[in-house]
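Each residue of the sequence shown is one higher than the one before, counting from 79 in our numbering.
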Amino acid sequence: MNNSSLKQFEESVLEIELPPGDKCKSDRNSFYQTTYIISCDNDVVKLAIDDIADLSISKCKNTIKMRSQYACPNSQTYAISNAIKRNSKLFSFVLILFGYFMTFLSYKYSDFNQILIGVIFILYLSIYVILNHYSNEIFYNQNQLFAWIFMSILIGIGIGLLYTNS
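Quick look at the structure:
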């Protein structure tokens with residue numbers, strides 16, 4: 079997937095095409111057609127119309143582009159996969175290093191691995207809970223998100239330490 083299609087995939091756009099209206103004055107064989115394209119913009123308090131000057135009664139097809147905070151998605155379920163796609167080389171490098179470590183050096187650092195597995199388990203569990211059962215507003219408040227991840231890491235370390243002591 080190239081960058082332009084990834085950017086288009088990440089951008090939230092609502093497109094509304096109204097049914098055909100009256101006969102067009104410039105072309106009697108077609109009808110007036112209006113399309114609203116509303117893009118996500120959290121900074122806009124009221125609805126902002128971008129290209130009002132392009133509207134014309136002489137055109138049969140008019141497109142009105144607007145920005146609104148209400149076009150923004152409530153769910154950020156694909157945020158993690160989009161971040162992985164954007165940083166795919168770095169993510170694959172980290173996974174290769176992790177695999178190398180687990181394959182060849184895990185027997186030397188068994189206590190560390192048990193803690194690491196506890197942290198990874200709790201992080202995946204907490205991400206699942208955030209995405210499926212917790213309010214999606216946590217993604218809009220980064221301090222709350224970082225606090226959630228920090229607490230998950232601490233709980234994971236605690237579970238890993240309990241596992242190494244047993």
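Every residue, glycine too, gets a C-beta built ideally from N, C-alpha and C.
- Cα atoms of Ile162 and Ile135: separation of roughly 46 Å, rounded to the nearest angstrom.
- Taking Lys139 as the centre and dropping the five residues before and after it, the same chain places the C-beta of Gln111 closer than 6 Å to its C-beta, in chain order.
- Put simply, the backbone Cα of Arg145 is about 33 Å away from that of Ser204.
- Sorting Lys186, Lys137, Ala126 by C-alpha distance to the C-alpha of Asn107 places Lys137 at the top.
- A Cβ-Cβ distance of about 16 Å is found for the pair Lys143 and Asp121, leaving them out of contact under the 8 Å criterion.
- Assigned with DSSP and collapsed to three states, Ile135 falls in coil, not helix or strand.
- With respect to the 7 Å criterion, Val197 and Ile231 are classified as neighbours on the basis of their beta carbons.
- For Thr242, the uninterrupted alpha helix (DSSP H) run begins and ends at 220-243, by DSSP.
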